[in-house]
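Visitor: One structure is given below, represented as structure tokens, and several questions about it will come after.
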Amino acid sequence: MQTGPTDYDLWLDKRLSQGIAADDTWLASQSVFPAITLCEFIGAALLRKQGKAPDDRRAKATGFAYVSQGPDRVRAALDILMRSEDGGHIVTQGELGPLLRHLRGSYLDDDTFAGFRSILRDYFLEIWPLAPGDDLLGQAVTERRLHSLTSASKETGIGPAVLDDFLTEAGAFAPGDKRADARKTFDAKAWQHILDEIPTLVGPIALRRAIGATLAELNGLKADGVLVPRTNVATIKSPWRIADGHALLEELEAYAQPVAPEEPGWETIQRVHKRLDFPVGGIISAIRTGALHLGKRPDVFGYHGLVVEITEVAAFKAKVAPKRKSSTNQGEMTAAAFARSAGIRGKGQFLALIEGGYTPAMLVLNSTTRRREWRMSQDHIAAFEAGYTTPTILSAETGAHLNTIRAVLQNEGVQLFRPNGLDVGPVYLRKAVEPVVALLKTQGEK
């Protein structure tokens, strides 16, 4: 047990006998009484946290070791006191209760405590999910900085488990974050769009009604990434944005020409997909590139009223069939890996094609990273190669050198595919390249 003077004792003796000029600690900027008070209360709290008796002398010496070194060390002491075993921050007063009661009570209007109140206030704004209007050491909180799952659930009416699933998938929390709901905090501004969006999402029945699609049609659109749910978490039963469905329907109807109800040979996209074993995404990609025509039955609402001509799709499939690879030989691959194999290496270029709806893919949850990623089946790859090509793909198909291919395409005036001015890399429309393929094959044979 220490019997000699502590650093706190020596500091206090020098400060009282020689004044501020002799104080070589950060406390020279503070009045003596607030400094003594904070040393005592923080020191006592630290000792209680360690399971030790917080006698007055030991408490002041313990607190002085932190407080005398300035705001950063004060915050370090606060973090020791407020950190919970699960890695979160305690959202109650905890061991700091006695200090906070004094700062809110008898010392509330004491200006000599203003510096310490400011340090504590700034710290708690960073760790507590405080709402606008909440009182924090005599001042009203003006804006929310943090939410916890508990506060967000209370504010939105959405269960904390659902919020946790959405926010984890979006990246607000690391996979496996085991903090309790009240301590599982996130940046309120950065993730507000998720909280705003969740109540607007609908289930499959509501989406089908909104766009006029059968269950099989919706499943077909989902399987090929033409329509992508907002989340792939299986426990969430309302993962769809109606706006996404409306946007797809509006886009496709703009391509469509009226087809009389009695006109033979036209079937829905889903039915043709089943009959010809050609992917829904491939049909829609071909419609977008102009390789296939789209019709609209005026007496049928929505997506179910959109039709394609069976013979035209069959001919298109036969045309691209040699380029298709058997899906039994190879499994899925990430869209990024396929893009690299096709010579599309610019950051975000192939992703722009997928997210713009120009080529099919599927958004899945990576079981390792717990992040969503785009993947492509062999049917998705075949659909891309049916509507588009790249110099790398053409080299594999024709045997011509890449430099030769680029030169021929440039000399023949074949333009890069740039939907709405979007840079999607070295991608060309397949139909635009077909006239020069024979020339490329000739070059490859030399």
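To convert, note that position 52 of the sequence shown is 117 in this note's numbering; the numbers rise steadily by one, no gaps.
From the three backbone atoms N, C-alpha and C, an ideal C-beta is built for every residue, glycine too.
1) Would DSSP call Gly-108 helix, strand or coil?
2) Nearest to Thr-296 by alpha carbon, out of Gln-83, Gln-335 and Asp-230?
3) Where does Leu-418 fall in DSSP's three states?
4) Hey, is the segment 334-351 in contact with the segment 440-449, meaning 3+ C-beta pairs nearer than 8 Å?
5) Helix or strand or just coil, what does DSSP make of Gly-241?
6) Let me know the secondary structure DSSP gives Glu-374 once reduced to three states.
7) Our contact map puts Tyr-493 next to Leu-474 with C-beta atoms below 8 Å; I'd like the distance itself, whole angstroms only.
8) Please list the terminal residues of the continuous beta strand (DSSP E) segment that includes Val-429.
9) Could you please give the first and the last residue of the uninterrupted alpha helix (DSSP H) stretch that includes Arg-437?
10) Tell me, to the nearest whole angstrom, how far the beta carbon of His-311 is from that of Ala-275; I am working on the premise that it is less than 8 Å.
11) Rounded to a whole number of angstroms, what is the C-alpha to C-alpha distance between Leu-111 and Asp-199?
12) Using CA coordinates, which residue listed in Val-498, Leu-195 and Phe-251 is at the minimum distance from Ala-356?
13) Grab the span of the beta strand (DSSP E) containing Glu-332 for me, first residue to last.
14) Report, in whole angstroms, the separation of the C-beta atoms of Arg-437 and Val-429, which I expect to be a contact under 8 Å.
15) Which partner residues of Tyr-453 appear in the DSSP bridge assignment?
16) Just the Cα atoms here: how many angstroms apart are Gly-421 and Thr-469?
17) Under a Cβ-count criterion, where at least 16 other Cβ atoms within 10 Å of its own Cβ denotes burial, should Gly-486 be classed as buried or exposed?
18) Under the three-state reduction of DSSP, which class applies to Leu-92: helix, strand or coil?
19) Please check the pair Val-337 and Val-378, which I expect to be a contact at CB under 8 Å, by giving their CB distance rounded to whole angstroms.
20) Using the Cβ count rule (16 or more neighbours within 10 Å means buried), how would you classify Phe-366?
21) For Thr-455 and Asn-284, I'd like the C-alpha separation in whole angstroms.
22) Among Pro-163, Ala-239, Gly-464 and Leu-201, which residue has its Cα nearest to the Cα of Leu-146?
23) What does the Cβ neighbour count give for Gly-152, buried or exposed, with the cut at 16 atoms within 10 Å?
24) Return the CA-CA distance between Gly-159 and Ile-270, expressed in angstroms with no decimal places.
25) Alpha carbons only, please: which of Leu-195, Val-385 and Ser-213 is nearest the one belonging to Val-206?
26) Helix, strand or coil for Thr-221? Go by DSSP, reduced to three states.
27) Please determine, among Gly-108, Ala-126, Ile-85 and Thr-90, the residue with the shortest C-alpha to C-alpha distance to Gly-69.
28) Which of helix, strand or coil does DSSP assign to Gly-128?
29) Beta-carbon separation of Gly-452 and Arg-405 under 8 Å?
30) Answer with buried or exposed for Pro-374, where buried requires no fewer than 16 other C-beta atoms within 10 angstroms of its C-beta.
31) Label Ser-51 either buried or exposed according to how many other C-beta atoms from any shown protein chain fall within 10 Å of its C-beta, with 16 as the threshold for buried.
32) Would you check if the distance between the CB atom of Phe-238 and the CB atom of His-212 is smaller than 8 Å?
Guide: The structure says:
1) One-based indexing of the sequence shown puts residue 108 at position 43. Note: Gly-108 maps to helix in three-state DSSP.
2) Here residue 296 corresponds to residue number 231 of the sequence shown, with the count starting at 1. Ranking the options by Cα distance to Thr-296, first place goes to Asp-230.
3) By 1-based counting over the sequence shown, the position of residue 418 is 353. Note: Leu-418 maps to helix in three-state DSSP.
4) yes
5) As a position in the sequence shown, residue 241 is number 176, starting the count at 1. Coil.
6) For this step, residue 374 is matched to residue 309 along the sequence shown. Strand.
7) By 1-based counting over the sequence shown, the position of residue 493 is 428. By 1-based counting over the sequence shown, the position of residue 474 is 409. Yes, they are in contact, since the Cβ atoms of Tyr-493 and Leu-474 sit about 7 Å apart, within 8 Å.
8) Against the sequence shown, residue 429 aligns to sequence position 364. Segment 427-430, the beta strand (DSSP E) holding Val-429.
9) Residue 437 sits at position 372 when you count from the first residue of the sequence shown. Counting along the chain, Arg-437 sits inside no alpha helix (DSSP H); it lies in the beta strand (DSSP E) bounded by residues 437-441.
10) Within the sequence shown, the letter at position 246 stands for residue 311. Within the sequence shown, the letter at position 210 stands for residue 275. Rounded, the Cβ-Cβ distance is 7 Å, consistent with contact.
11) Residue numbering aside, residue 111 sits at position 46 when the sequence shown is read from its first letter. Residue numbering aside, residue 199 sits at position 134 when the sequence shown is read from its first letter. Taking C-alpha positions only, Leu-111 is separated from Asp-199 by approximately 27 Å.
12) As a working mapping, residue 356 is identified with position 291 in the sequence shown. Out of Val-498, Leu-195 and Phe-251, Val-498 has the C-alpha closest to the C-alpha of Ala-356.
13) Against the sequence shown, residue 332 aligns to sequence position 267. Here the beta strand (DSSP E) through Glu-332 covers 331-333.
14) As a first step, residue 437 is located in the sequence shown; it is residue number 372 there, counting from the start. As a first step, residue 429 is located in the sequence shown; it is residue number 364 there, counting from the start. Their Cβ separation, rounded to whole angstroms, is 7 Å, which keeps Arg-437 and Val-429 in contact under 8 Å.
15) In the sequence shown, the residue the question calls residue 453 occupies position 388. The partner list for Tyr-453 (beta bridge, DSSP) reads Leu-494.
16) As a first step, residue 421 must be located in the sequence shown, where it is residue number 356. As a first step, residue 469 must be located in the sequence shown, where it is residue number 404. Straight-line Cα distance between these residues: approximately 30 Å.
17) One-based indexing of the sequence shown puts residue 486 at position 421. Gly-486 is exposed by the Cβ-count criterion.
18) Indexing the sequence shown from 1 puts residue 92 at position 27. Here Leu-92 sits in helix by DSSP.
19) Sequence index remark: in the sequence shown, residue 337 carries index 272 (1-based). Sequence index remark: in the sequence shown, residue 378 carries index 313 (1-based). Right, their Cβ atoms sit about 5 Å apart.
20) Against the sequence shown, residue 366 aligns to sequence position 301. Phe-366 comes out exposed.
21) The residue labelled residue 455 in the question sits at position 390 within the sequence shown. The residue labelled residue 284 in the question sits at position 219 within the sequence shown. In this structure, the alpha-carbon of Thr-455 lies about 30 Å from that of Asn-284.
22) On the sequence shown, residue 146 is found 81 positions in, with the first residue counted as 1. Selected option, being the one with the closest Cα: Pro-163.
23) Here residue 152 refers to the residue found at position 87 of the sequence shown. It counts as exposed.
24) One-based indexing of the sequence shown puts residue 159 at position 94. One-based indexing of the sequence shown puts residue 270 at position 205. In a straight line, the C-alpha of Gly-159 is about 48 Å away from that of Ile-270.
25) For the purposes of this step, residue 206 is taken as residue 141 along the sequence shown, with counting starting at 1. Considering only alpha carbons, the answer is Leu-195.
26) For the purposes of this step, residue 221 is identified with residue 156 of the sequence shown, where counting begins at 1. Of the three classes helix, strand and coil, the one that applies to Thr-221 here is helix, per DSSP.
27) Against the sequence shown, residue 69 aligns to sequence position 4. Per the Cα distances, Ala-126.
28) Residue numbering aside, residue 128 sits at position 63 when the sequence shown is read from its first letter. Assigned with DSSP and collapsed to three states, Gly-128 falls in helix.
29) Residue numbering aside, residue 452 sits at position 387 when the sequence shown is read from its first letter. Residue numbering aside, residue 405 sits at position 340 when the sequence shown is read from its first letter. Going by C-beta atoms, Gly-452 is not nearer than 8 Å to Arg-405.
30) One-based indexing of the sequence shown puts residue 374 at position 309. Here residue 374 is Glu; the residue named in the question, Pro, does not match the sequence. Buried, by the Cβ-count rule.
31) As shown, the chain starts at 66 and ends at 511. That puts residue 51 outside it, with no answer to give.
32) Numbered from 1 along the sequence shown, position 173 holds the residue referred to as residue 238. Numbered from 1 along the sequence shown, position 147 holds the residue referred to as residue 212. No. Outside cutoff.
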